[in-house]
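Participant: Chains as they are written, first to last, in my numbering: chain S, 2 to 69; chain B, 11 to 430.
Glycine is no exception: its CB is placed at the ideal position from the N, C-alpha and C atoms.
Please find one structure pasted underneath; my questions will follow.
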Amino acid sequence: MSDHLLSMDEMRQVDDYLERGFKVHYVYENLSGMFVEFGRQEEEVCLQILTADARKYFAAKLQEQTQL
Amino acid sequence: MADLRIDFAGIKSPNPYWLASAPPTNSGYQVQRAFEAGWGGAVWKTLGEPILNVSSRFAAVSFNGQRVAGFNNIELITDRPLEVNLQEILETKKRFPNHAIIASLMVEPQQEKWHEIVKKVEAVGVDGLELNFGCPHGMAERGMGAASGQVPDLVEKQTHWAKEVARTPVIVKLTPNITDITMTAEAAVRGGADAVSMINTINSLAGVDLDSWNTVPHVAGKGAHGGYCGPAVKPIALNMVAECARNPFVNVPISGIGGISNWQDAAEFMLMGATGVQVCTAAMHHGFSIVEDMIDGLNNYLDEKGIASVMDLVGKSVQRYSNWGDLDLNYKVVAEINNDVCINCNKCHIACEDTSHQCIDMYTESGRPMLKVREQDCVGCNLCSIVCPVDGAISMVERMSTIAPMTWNERQSLISSFDR
Chain S
2 MSDHLLSMDE
12 MRQVDDYLER
22 GFKVHYVYEN
32 LSGMFVEFGR
42 QEEEVCLQIL
52 TADARKYFAA
62 KLQEQTQL
Chain B
11 MADLRIDFAG
21 IKSPNPYWLA
31 SAPPTNSGYQ
41 VQRAFEAGWG
51 GAVWKTLGEP
61 ILNVSSRFAA
71 VSFNGQRVAG
81 FNNIELITDR
91 PLEVNLQEIL
101 ETKKRFPNHA
111 IIASLMVEPQ
121 QEKWHEIVKK
131 VEAVGVDGLE
141 LNFGCPHGMA
151 ERGMGAASGQ
161 VPDLVEKQTH
171 WAKEVARTPV
181 IVKLTPNITD
191 ITMTAEAAVR
201 GGADAVSMIN
211 TINSLAGVDL
221 DSWNTVPHVA
231 GKGAHGGYCG
241 PAVKPIALNM
251 VAECARNPFV
261 NVPISGIGGI
271 SNWQDAAEFM
281 LMGATGVQVC
291 TAAMHHGFSI
301 VEDMIDGLNN
311 YLDEKGIASV
321 MDLVGKSVQR
331 YSNWGDLDLN
341 YKVVAEINND
351 VCINCNKCHI
361 ACEDTSHQCI
371 DMYTESGRPM
381 LKVREQDCVG
391 CNLCSIVCPV
401 DGAISMVERM
411 STIAPMTWNE
421 RQSLISSFDR
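In structure tokens:
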């Protein structure tokens with residue numbers, strides 16, 4: 002998959018979690034990229050974001066969440 | 011006609027173009043010819059205890075047919091007695107009272123030596139002093155020049171000694187052969203400097219002769235590092251000027267030096283915070299008369315911009331120079347190829363395919379070879395437009411980002427609040 006398609010897919014996953022009512026609980030980054038822990042009530046999921054464009058996109062979404 | 015006069019730390023000059031302390035300002039004959047040609051000021055070749063030079067002193071680096079892209083020298087300060095220079099300064103100042111004459115000085119780091127030379131030089135009516143803490147070769151081996159200029163405490167102390175007796179403005183000329191030039195610039199200011207100038211030359215070896223295996227230049231089969239200057243060093247100098255200009259502790263005027271070859275270079279240095287500029291290599295390459303075009307070009311530029319005085323240019327771009335962490339991560343430009351202008355040399359495709367992000371496709375349309383950028387994969391690196399030999403064939407165009415501006419620093423601050 003091209004970087005562009007991969008980043009589009011990762012952005013779609015970020016949107017998907019947020020649209021389903023998940024909130025960002027934790028964010029950490031390491032050599033493997035960015036890891037985002039989403040939570041909704043008792044449910045928790047971890048999304049690994051690999052691409053640079055999606056990591057930028059996620060930060061913008063995180064900013065929106067903090068401004069709500 | 012715009013007003014090209016400058017007031018540099020109290021030193022007045024009919025225009026911002028000064029000859030730098032170097033071979034072109036070795037004698038009264040030369041400086042007077044320079045003033046006749048139109049130069050606004052001259053920093054006299056460094057005065058100190060007369061030295062001995064070697065034969066074979068200069069070398070140049072040519073690149074792709076451009077001669078003197080860079081210039082290397084191993085010449086030292088003046089080899090003439092102080093009294094000879096002072097007499098010629100006196101005569102030159104008498105003949106050109108409205109031009110700026112700055113005496114470049116270099117002595118051993120001792121208080122009485124600085125006092126002695128400052129008093130003697132000021133007695134003949136110079137408009138200012140430039141302390142040479144930058145010369146990288148020869149004199150540095152004797153503890154002067156760059157050897158002093160690389161130690162902030164020595165810069166501060168010697169500036170202070172000069173200021174103890176100076177009645178004219180003291181400019182401190184800084185070496186680029188240091189990790190962070192703002193450290194020595196701040197030291198100069200702490201020592202009382204009225205201004206700083208930068209850059210002196212960069213440690214260099216111009217080349218090695220592949221037949222004889224001698225250095226270029228060589229002196230009877232041996233070489234030593236010299237000082238590099240000319241167009242090749244301009245970006246290094248411009249950055250150092252800008253870093254000092256945006257440093258709140260370097261709150262004195264800056265004289266920009268380093269590869270300035272035309273009025274455009276001068277305007278760039280002034281926009282980045284220099285109040286005036288000094289030129290050497292371009293004059294050595296083309297002669298004093300280049301200043302005519304430099305004056306005309308700057309005049310026309312200011313008129314076209316509707317700017318009345320060249321002093322109004324000073325520092326106008328400084329606030330646009332920032333840290334990487336304060337740049338917008340979401341700003342986006344992409345390459346756009348104009349196939350009507352493109353000559354299908356394919357340099358852009360090769361550069362992108364081999365060394366960047368593989369986003370320029372080759373295709374055929376009605377039998378004609380074409381190139382197209384896949385915008386979604388273009389990171390806006392500019393490489394294709396840099397290697398393209400045809401003006402207007404590749405443009406970098408802005409694309410509206412769908413996400414809000416955010417800098418790296420803002421992002422890290424935001425993410426850190428979601429850390430465990």
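Taking all protein chains shown into account, decide if I396 (chain B) is buried (16 or more other Cβ within 10 angstroms of its Cβ) or exposed.
Facilitator: By the neighbour-count rule (16 or more Cβ atoms within 10 Å), I396 (chain B) is not buried but exposed.
Participant: So with CB distances below 9 Å, who are the chain S contacts of D1 (chain B)?
Facilitator: Nothing can be reported for residue 1 (chain B): it is not among the residues displayed for chain B, which extend from 11 to 430.
Participant: Touching or not, the stretch 88-102 of chain B and the stretch 30-39 of chain B, by the rule of three or more beta carbon pairs under 8 Å?
Facilitator: A contact exists between the stretch 88-102 of chain B and the stretch 30-39 of chain B.
Participant: Quick one: grab the DSSP three-state call for V289 (chain B).
Facilitator: Correct three-state label for V289 (chain B): strand.
Participant: Would you check if there are 3 or more beta carbon pairs closer than 8 Å linking the stretch 253-264 of chain B to the stretch 42-49 of chain B?
Facilitator: The stretch 253-264 of chain B vs the stretch 42-49 of chain B: no contact.
Participant: Which of the residues in the stretch 6-37 of chain S, read from start to end, lie with their CB under 8 Å from any CB of chain B?
Facilitator: From the stretch 6-37 of chain S, only V25, H26, Y27, V28, Y29 and E30 have a Cβ closer than 8 Å to chain B.
Participant: From this set, B:M154, B:C398 and B:S72, which residue's C-alpha is nearest C355 (chain B)'s C-alpha?
Facilitator: The residue with the shortest Cα to Cα distance from C355 (chain B) is B:C398.
Participant: Less than 7 Å between the C-beta atoms of A133 (chain B) and P146 (chain B), yes or no?
Facilitator: Not in contact: A133 (chain B) and P146 (chain B) (Cβ atoms no closer than 7 Å).
Participant: Whose Cβ in chain S lies nearer than 7 Å to the Cβ of D204 (chain B)?
Facilitator: Residues of chain S passing the Cβ test: none, with the nearest at roughly 46 Å.
Participant: Of all Cβ atoms in chain S, is any one closer than 7 Å to the Cβ of L424 (chain B)?
Facilitator: It does; some Cβ of chain S falls within 7 Å.
Participant: List, in order along the chain, the chain S residues whose C-beta lies closer than 8 Å to that of A197 (chain B)?
Facilitator: Ordered by position in chain S, no residue passes the 8 Å Cβ test against A197 (chain B), which lies about 39 Å from the chain.
Participant: DSSP three-state call for H295 (chain B): helix, strand or coil?
Facilitator: Helix at H295 (chain B).
Participant: Check this for me: beta carbons of G236 (chain B) and I84 (chain B), under 7 Å apart or not?
Facilitator: Yes, the Cβ-Cβ distance between G236 (chain B) and I84 (chain B) is below 7 Å.
Participant: Could you have a look at H228 (chain B) and say whether DSSP puts it in helix, strand or coil?
Facilitator: It is coil, neither helix nor strand.
Participant: Nearest-angstrom Cα distance between K123 (chain B) and V117 (chain B)?
Facilitator: Rounded to the nearest angstrom, the two C-alpha atoms are 6 Å apart.
Participant: Compile a chain-ordered list of the residues in the stretch 395-414 of chain B whose CB is closer than 7 Å to at least one CB of chain S.
Facilitator: Per Cβ criterion, the list reads I413 and A414.
Participant: If you measure between the beta carbons of L57 (chain B) and L115 (chain B), is that distance less than 7 Å?
Facilitator: The answer is yes: Cβ separation under 7 Å.
Participant: Just mark A312 (chain B) as buried or exposed, buried being the case when its beta carbon has 16 or more other beta carbons within 10 Å.
Facilitator: Checking the sequence shown, residue 312 (chain B) turns out to be Leu, not Ala. It counts as buried.
Participant: Would you list the residues sitting across from I50 (chain S) in a DSSP beta bridge?
Facilitator: Paired residue(s): S:M35.
Participant: Name the residue from B:P60, B:G159, B:L164 and B:V400 whose alpha carbon lies nearest to the alpha carbon of N348 (chain B).
Facilitator: Checking every option, the nearest Cα to that of N348 (chain B) belongs to B:V400.
Participant: Which residue from B:K244, B:A203, B:F106 and B:V226 puts its Cα closest to that of S214 (chain B)?
Facilitator: Nearest C-alpha to S214 (chain B): B:V226.
Participant: In three-state DSSP terms, what is K382 (chain B)?
Facilitator: It is a strand residue.
Participant: Suppose only complete runs of 4+ residues qualify. What are the alpha helix (DSSP H) ranges in the stretch 111-179 of chain B, listed by chain order?
Facilitator: Taking only runs of at least 4 residues, the alpha helix (DSSP H) segments lying wholly in the stretch 111-179 of chain B are 121-132, 156-159 and 162-175.
Participant: Taking DSSP as the reference, what is the three-state secondary structure of V397 (chain B)?
Facilitator: Three-state result, V397 (chain B): helix.
Participant: When burial is assigned at 16 or more other CB atoms within 10 Å of the CB, is M410 (chain B) buried or exposed?
Facilitator: Exposed.
Participant: Can you check which of these residues, B:A30, B:N108, B:F68 and B:A70, is closest to S23 (chain B) by C-alpha distance?
Facilitator: When only C-alpha atoms are compared, the closest one is B:N108.
Participant: Could I get the ranges of all uninterrupted alpha helix (DSSP H) runs contained in the stretch 52-85 of chain B, with 4 residues as the minimum, in chain order?
Facilitator: Those alpha helix (DSSP H) runs which fall completely within the stretch 52-85 of chain B and span 4+ residues do not exist here.
Participant: Distance check for V71 (chain B) and A242 (chain B), CA to CA, integer angstroms please.
Facilitator: About 9 Å.
Participant: Give me the Cα-Cα distance between Y373 (chain B) and T365 (chain B), rounded to the nearest whole angstrom.
Facilitator: So the two alpha carbons sit approximately 20 Å from each other.
Participant: Please tell me whether A61 (chain S) has its Cβ less than 7 Å away from any Cβ of chain B.
Facilitator: Yes, A61 (chain S) lies at the interface with chain B (some Cβ there is under 7 Å from its Cβ).
Participant: Is the Cβ of F428 (chain B) closer than 7 Å to any Cβ of chain S?
Facilitator: Chain S, which has a Cβ nearer than 7 Å to the Cβ of F428 (chain B), makes this yes.
Participant: Going along chain B, which residues have a C-beta under 8 Å from Q42 (chain S)?
Facilitator: Here the premise fails: no neighbours, minimum Cβ distance about 19 Å.
Participant: Which stretch, first to last residue, makes up the alpha helix (DSSP H) that contains V199 (chain B)?
Facilitator: Unbroken alpha helix (DSSP H) run through V199 (chain B): I191 to R200.
Participant: Jot down the residue ranges of each uninterrupted beta strand (DSSP E) in the stretch 257-333 of chain B, minimum 3 residues, whole runs only, in chain order.
Facilitator: Qualifying beta strand (DSSP E) stretches, in chain order: 264-267 and 284-289.
Participant: If the criterion is Cβ atoms closer than 7 Å, does the pair T178 (chain B) and A198 (chain B) meet it?
Facilitator: Going by C-beta atoms, T178 (chain B) is not nearer than 7 Å to A198 (chain B).
Participant: Excluding the 5 residues flanking L63 (chain S) on each side, which residues of the same chain have their C-beta closer than 8 Å to its C-beta?
Facilitator: Excluding residues within five positions, the ones whose Cβ falls inside 8 Å are V25 and V28.
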